[in-house]
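Quick note: to get my numbering, add 4 to the position in the sequence shown (first position is 1).
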Amino acid sequence: FCQRYTLDEIDSFIKKSSIFETEDEIYILRAFMSYYDKDHLVASMLFISIIERWFRNLIRLMWLNILTLNDYWWYDYLPLSKLLTVNGCVLDEIFTSKDWEISYYYKFVLIEKLGMNLRNDCAHGIGRKKFLQKETANRLFHLIIGLALIKMRPNNKSS
């Protein structure tokens, strides 16, 4: 993939995404620079952080809840596992297909114990060797590109 597109082309594409925010820019730049430099560990860690943040941005832009009340009557962000499973998945509303659900792909890669579980393994320091591999970084790169393709309609519904 990186042999086909330059870092500048990827950066330009990402910045056109509806869920991109300027404060994400340094993380995105470092993630893709690491990817292009074949530092798959750093790229994977940053990709996971970007994916989780973008997913929250997407849900917020759709005027859905991203917070939960904790025991101290303060608000916490809902974890990614809840965002991907509570009341269905926002991705199911965006990507419709009769063959398979895109949300299951994101769940499989990021949070499913029987799947790749990359987000949880990263957060808990499990299976660390997989984050050194190009295949892991490629899969996470693919998820970011999928989220970057989402365009918000004027009435804040996504397509």
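Idealized CB from N, CA, C, for every residue including glycine.
In this text the structure is predicted, and so the values were computed from the model without any measurement.
The segment 61 to 81 makes no contact with the segment 41 to 50, as fewer than three CB pairs between them are under 8 Å. It is roughly 15 Å from the alpha-carbon of glutamine 137 to the alpha-carbon of alanine 35.
The segment 113 to 124 makes no contact with the segment 19 to 35: fewer than 3 CB pairs, one atom from each, lie closer than 8 Å.
One thing to note: tryptophan 67 has its Cβ no nearer than 8 Å to the Cβ of isoleucine 23. Taking 3 residues as the minimum length, the beta strand (DSSP E) runs contained wholly in the segment 44 to 94 are 71 to 73 and 79 to 81, in order along the chain.
A straight line joining the alpha-carbon of leucine 84 with that of isoleucine 54 spans about 12 Å.
Burial of asparagine 61 is indicated by the presence of at least 16 other C-beta atoms within 10 angstroms of its C-beta. Contact check for leucine 71 against leucine 87 fails: the beta carbons are separated by 8 Å or more. When secondary structure is reduced to three states using DSSP, threonine 140 falls in the helix class.
In the three-state reduction of the DSSP assignment, leucine 122 falls in the helix class. Close CB contacts of isoleucine 18 within its chain, under the 7 Å cut and outside five residues either way in sequence, are with Phe24, Ile32 and Ala152 (chain order).
Counting every other CB atom within 10 Å of its CB across the protein chains shown gives histidine 44 a total of 16 or more, marking it as buried. If you look at aspartate 15, you'll find it in the alpha helix (DSSP H) that goes 11 to 19. For tyrosine 40, the closest of Gly150, Glu56 and Tyr9 by C-alpha to C-alpha distance is Tyr9. Burial state of lysine 111 is buried, judged by a 10 Å Cβ sphere holding 16 or more other Cβ atoms. Here the alpha carbon of aspartate 80 sits roughly 31 Å from the alpha carbon of aspartate 15.
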